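This report refers to the structure that appears directly beneath it.
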Amino acid sequence: GDSVTQMEGPVTLSEEAFLTINCTYTATGYPSLFWYVQYPGEGLQLLLKATKADDKGSNKGFEATYRKETTSFHLEKGSVQVSDSAVYFCALSDPFDALNFGKGTSLLVTP
Amino acid sequence: ETGVTQSPTHLIKTRGQQVTLRCSSQSGHNTVSWYQQALGQGPQFIFQYYREEENGRGNFPPRFSGLQFPNYSSELNVNALELDDSALYLCASSTGTGGVYEQYFGPGTRLTVT
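So the protein lines, in turn, are chains A and B.
Each residue of the first sequence is one higher than the one before, counting from 1 in the working numbering.
Each residue of the second sequence is one higher than the one before, counting from 1001 in the working numbering.
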């Protein structure tokens, strides 16, 4: 079945460092891909999405490109802030619109 | 515009009991999906309701059941609670089925089974 694999955390970075969180997927069709963020004690928020190959999703300085040839959707940010500390989930959607999530990557940004 | 709301915020139940969780979808949304998020894990899809009908189900036993009402709010019912049912239960609403429709999540209900 469809699945998402993302890098294990926790990831600890200093403020203004470059962030990459790897995500690869397995799917039989052509899913949409998402990154969600979960701040401590809160529900999930959509960070960005891409619905077809070569699309780039971007929001709040975060970017991810839908790479069909490598089945990847890596999340990047050029300069992280302390406020970016959260758990990040990569996900794909199946034909029912159900989201299939990875296990999450915890990010801690230190001043 | 009111977002997705869930109630209660948290609750504690005993093994073998039954529980009902509630979700109010965002205005204009006709699709509700439920997810279970165990501690330290990603959310797992339980089922989805579209216009009051179940429209897809994940790998959860029949003791997990749901309803969607004419106003598109929804309930998740879990019978015969087990310790492993302890988790954060998330509800998400959207304007349709299919991967292009963004899902908006509520804050979740934290269920603890003792």
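The beta carbon of each residue, even a glycine, is placed where N, CA and C say it ideally should be.
Note that this is a predicted model, so its numbers are computed, not measured.
| Query | Result |
| --- | --- |
| Please tell me whether Gly-57 of chain A and Lys-49 of chain A are closer than 8 Å, where the distance is taken between their beta carbons. | yes |
| Residues in its own chain within less than 8 Å of Val-11 of chain A by CB, not counting five upstream and five downstream? | Leu-19, Ile-21, Thr-105, Ser-106, Leu-107 and Leu-108 |
| Buried or exposed for Gln-1115 of chain B, please, with buried defined as at least 16 other CB atoms from any protein chain shown within 10 angstroms of its CB. | This structure cannot settle anything about residue 1115 of chain B, because the visible part of chain B is limited to 1001 through 1114. |
| Could you please give the first and the last residue of the uninterrupted beta strand (DSSP E) stretch that includes Gly-41 of chain A? | Element bounds for Gly-41 of chain A: n/a, residue is neither H nor E. |
| If you draw a straight line from the alpha carbon of Leu-99 of chain A to that of Thr-28 of chain A, how long is it in whole angstroms? | 15 Å |
| Among B:Ser-1065, B:Asn-1071 and B:Cys-1091, which has the Cα closest to the Cα of Ala-1080 of chain B? | B:Ser-1065 |
| Taking the CB atoms as reference points, tell me whether Val-1032 of chain B and Leu-1111 of chain B lie closer together than 8 Å. | no |
| What would DSSP say about Leu-99 of chain A, mapped onto helix, strand or coil? | strand |
| Based on Cα-Cα distance, which residue from A:Asn-59, A:Thr-24 and A:Leu-46 lies nearest to Phe-73 of chain A? | A:Thr-24 |
| Keeping to the same chain, check which residues put their C-beta closer than 7 Å to that of Ala-53 of chain A; ignore five residues upstream and five downstream. | Tyr-66 and Lys-68 |
| Terminal residues of the continuous beta strand (DSSP E) containing Gln-6 of chain A? | 3-6 |
| Could you name the residues of chain A that Gly-1108 of chain B contacts, counting a contact when the two beta carbons are closer than 8 Å? | Gly-43 |
| Where do the ends of the beta strand (DSSP E) carrying Thr-1109 of chain B lie? | 1109-1113 |
| With DSSP collapsed to three states, give me the class of Leu-108 of chain A. | strand |
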